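See structure below.
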Amino acid sequence: MNTFPKQHKLCGQERITRLYKEGKRFTAWPMRVTWEKVPEGQTAATEVLVWAPKSLFKRAVKRNRLRRLMREAYRLHQDILGSDSDSDQLSFLIAFNYIDKEEQPFATIEKAVIKALKKIAGTGQ
RNA sequence: AAAGUAAAUCGGUCUAUCGCUGCGGAGGGAAAGAAAAGCACAUGUGCUUUAAUCUCAUCAGCAGAGGAAAGUCCGGGCAGCACAGAGCACCGCAGCGGUUAACGGCCGUCAGGCAGCAAUGUUUGGUCCCUGCUACAGAGACGAGACGCUAUAAUGUACAAAGGGACGAAGUACAAUGUACAAAGGAACGGAGUAUAAAGCGGGUGAAACGAGCACACUGCGGGCUGCAAUUCCAAGUAAACCGAUGAUCGAGCGUUGCUCGCGCAAGUCGGAGGGUAGGAAGCGAGAGAAGGACACAGCAAUGUGAUGUACGAAGGACGGAUGUACGAUGUACGAAGGAAUUGGUACUCCUCGAGAUUAAUGAUAGACGCUGUUUCGGCAGUACAGAACCCGGCUUAUAGAUUUACUUUCUUC
RNA sequence: GGUGCUAUCGUCUAGUGGCCUAGGACAACGGCCUCUCACGCCGUAAACCCCGGUUCGAGUCCGGGUAGCACUA
1 MNTFPKQHKL
11 CGQERITRLY
21 KEGKRFTAWP
31 MRVTWEKVPE
41 GQTAATEVLV
51 WAPKSLFKRA
61 VKRNRLRRLM
71 REAYRLHQDI
81 LGSDSDSDQL
91 SFLIAFNYID
101 KEEQPFATIE
111 KAVIKALKKI
121 AGTGQ
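Dropping the structure here:
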């Protein structure tokens, strides 16, 4: 099932700071992706962070919509990283930052998320 | 019918698939200890059950952004800190009356300016006693009347100058006196467009000319400060800071007298206590110090909740010529219970409404409908402004489109 | 989320309601100087964030909007 409960959300000031400081980074237009592999042995779920900057989108309505689109795209295609039933699956911390100045439709964002997840899955293994 | 003005209301709906947050419920699971009950035996242990706690790849169910949630411009609640009372300073408000928990809001109304044919909109409005300000122009800018002219004791400056100690010369300092100017004074005199003792009137300058306007001045009223990232609690942990013990032997640090001893401090070691930050919880929403309505209710009594109520009518009423307008004491009717005041605990009905997240949910995709415009009647285009963050009352700003009521102007028909 | 502040030539800034037709420095442009450049000298152009109000008069005072900055765990 493609769910996205609260446990899969990346929280905590220290962990977010560490991810942006030490994580690997690439661009999948219209987003920038920062990610990090969780060390072996810690059997935590993959956690994801999503945001759109206030400096590019002044109105809260647009920021909310972009955030929801990105989150929905990840929810539909999180199978690429491996299903939950796998016992020896790999876990990641991932952050999606929207960087384009225009509001893109869902299809564009969905394609970009698929491309990014495939890249992470390929590099992680 | 068209155009306009004001007030009020609404501001999308449905289906399919997948998903998020909260709530209580059902079901399953978990480990250790505590409580109650029961059973067994050596009065303590073991076992079982109950409710409670925690949890879930479970199950259906219910609820889930706004009229402005925005700006943070006012006011209040709530929280912490400060605080005897009064005054000063500082800040805010300002026709008049009313309304309110409170307000800079709202309602009614008066006067002036501006826009409009009008309905109407918009904007300004305490006072000048004290302290000050009013550039340029103008005789004069807030206690001021120029200007001309005349006489004069004394004063200052400039120029001229008799004189100016020794035997003499030059003539310095100084200087009677005279002239001019300045400032001061106004006893007498003169003129100004008219008039004339002055005041006043008129012309000119100027936004404003003894008339005033303004605020930094005065008067009245109000204001303690900071804000939910306030504030409170929980578990874990301990810092060069705090407390207690120790600080032995040789040498060694600082202070107490230059030295020694002694005393104190201090390093180190052990123990205790203990924040802040990060994490979690409360505050936080089925509310009653803050939603609306119905008309009854609860209790042992006093009584309490509801009700600071609703309707009628009305003295008064800023203003106004008057009728009378916003509001409205007393009164009448309806209204559960009660009837001076105080007090302990308990109780506080029904209906409607019902977000409570926290790296921050309220969504995504596909289709259908509705509304507006256009149309070749198949379609095509558009469907706004915008997202809760402790909660309320206002204001301001942004808004596609739609509806209702009242009024104004113009036209047409009867 | 809450609180406070700022906006003047291209840049940095000055500016008691009237002497503001808004001053200064650097930069820009034109000329002079030089064999040429620089330095130097002379000159020119260039701004009160936007919309209303108060006042005889507003860059300044008041209200609303826009943009930017800082503080606060």
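For the first sequence, position 41 matches number 41 in the working numbering, and the numbering has no gaps at all.
Glycine is no exception: its CB is placed at the ideal position from the N, C-alpha and C atoms.
These figures come from a predicted structure and were not determined experimentally.
Rounded separation between residue i and residue j - CA only
| i | j | result |
| --- | --- | --- |
| ASP86 | ALA28 | The pLDDT assigned to ASP86 is 47, lower than 50, so where the model puts this residue is not dependable; a value taken from the coordinates is nonetheless given after this. Answer to the nearest angstrom: the Cα atoms are 27 Å apart. |
| GLY23 | ALA45 | 17 Å |
| LYS58 | LYS101 | 11 Å |
| GLN7 | LYS115 | 24 Å |
| TYR98 | THR123 | 22 Å |
Proximal residues to residue i (C-beta, below 8 Å), its chain only, five neighbours per side dropped
| i | result |
| --- | --- |
| THR108 | PRO30 |
Whether residue i touches residue j by CB criterion (7 Å)
| i | j | result |
| --- | --- | --- |
| ALA52 | ARG63 | yes |
| ILE94 | VAL48 | yes |
| ASN2 | LEU66 | no |
| GLU33 | ALA73 | The sequence as given places Val at residue 33; Glu does not occur at that position. Not closer than 7 Å, so no. |
| PHE96 | VAL61 | no |
Bridge partner(s) assigned by DSSP for residue i
| i | result |
| --- | --- |
| ALA95 | THR34, LEU49 |
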